[in-house]
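>
In structure tokens, the structure reads:
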């Protein structure tokens, strides 16, 4: 008994070429979107706005603004905690936006570890 291949799922040359064109187009769109996302900048505030971190889509810190009121030589730990929170939130924001934007291109395809 021969197995039947569902319509549109055949491995014919035309179907394969079409799939390859679609894959190439998707790759080009993803590369363009990745470049756009890497150029984008995000500003995150922490500690009630006492610390602001500006980060780009490559997860590189572009600017750091620390209000003098949060700098206490006797309590460096608080400043370190606020900086850590700001950095982590900034990276999380970049990752969320990247995943959302790339998801629009892949239309729900599961590509774990790509972004």
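In our numbering, the protein residues as written are 13 to 127. Quick reminder that beta carbons are idealized off the backbone N, C-alpha and C, glycines included.
On the three-state DSSP scale, how would you describe residue 77?
Residue 77: strand per DSSP, three-state reduction.
> Closest to residue 79 by C-alpha separation, out of 90, 39 and 64, would be which residue?
Out of 90, 39 and 64, 64 has the C-alpha closest to the C-alpha of residue 79.
> Are three or more beta carbon pairs between the region 25 to 36 and the region 98 to 114 nearer than 8 Å?
No: the two stretches stay apart, fewer than three of their Cβ pairs being nearer than 8 Å.
> Give a yes or no on whether the C-beta atoms belonging to residue 58 and residue 97 are separated by under 8 Å.
Yes.
> Hey, residue 50 and residue 69: beta-carbon distance below 8 Å or not?
Cβ atoms of residue 50 and residue 69: closer than 8 Å.
> Is it right to say residue 88 is buried, meaning 16 or more other beta carbons lie within 10 angstroms of its own, or is it exposed?
Exposed, by the Cβ-count rule.
> Give a yes or no on whether the C-beta atoms belonging to residue 94 and residue 62 are separated by under 8 Å.
In contact: residue 94 and residue 62 (Cβ atoms closer than 8 Å).
> Quick one: what does DSSP say residue 64 is sitting in, helix, strand or coil?
Correct three-state label for residue 64: strand.
> Suppose the cutoff is 7 Å on Cβ atoms and the five residues either side in sequence are ignored; what does the same chain contact list for residue 91 look like?
Counting only Cβ-Cβ distances below 7 Å, and skipping sequence neighbours, we find 82 and 83.
> Assign residue 40 to one of three DSSP states: helix, strand, or coil.
Here residue 40 sits in helix by DSSP.
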